[in-house]
Amino acid sequence: MTSRGGWFVNSKHLRTCAEVVKILWIFMSLSDGYLFFKVENVHISDLYDWSDPKQKGKYSRPKLKRRESAPSGSLVHINEEKIALFRHGEKVYAMQEKCPHLGGPLHLGDIEELPDKSLCVRCPWHSWRFSLDTGRLVLPKKDKVAITFPVTVDAEGNISIGFLEFASDYFSGSGEF
Ligand code: FES
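Here the sequence shown is numbered in UniProt numbering, starting from 1 and rising by one per residue.
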């Protein structure tokens, strides 16, 4: 950290100390080159569990589609990214919220099992299917990829999402926390 041009001490763009402390608090860990951000106000139990047949009656799809983010937490805004979260059993997947085709809301997509038993999300607009593990488009066969993010879930069910870097807006004063 320097007083000249350092990313941390640039008085023109630096947020208040309290905000920086908050950023550092959010910054949970560094693992495999990823910065993990804790998802605030969303617990794994808030997410619809696609592996649980009993939940299918609890949240009917027509009802879900009328809501911006349903059930709670399936769409989150973190590190200046809108991210779709999906739960399948104890595993949580994170993927860019906008479909790489024409921008459909992937967080409202259904999760389906592929013949090889892996999972994909089906975009609600034109039914393109993206692998939850890799983000690759599996149907139709085209060369498209949705960005996926590594996710950790701790013993208390808290979710963290990994990013390769802070969004640039974090230190410019133009972004939101
Ligand atoms: S916008 Fe998602 S498949 Fe077309």
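We put the CB at the ideal spot given by N, CA and C, even for glycine.
In terms of side-chain proximity, the C-beta atom of L132 is found no nearer than 7 Å to any non-hydrogen atom of the ligand FES.
Annotation: the continuous beta strand (DSSP E) that includes G162 extends over 158-163.
Around the ligand FES, the residues selected by a Cβ distance under 5 Å to any of its heavy atoms are C99, H101, L102, G104, C123, W125, H126, W128, following chain order. In this structure, the CA atom of D154 is about 14 Å from the CA atom of R87. DSSP places R136 in no beta strand (DSSP E); its state is neither H nor E. Less than 8 Å separates the beta-carbon of L85 from that of L47. Of the candidates F130, D52, S160, F130 places its Cα closest to the Cα of D143.
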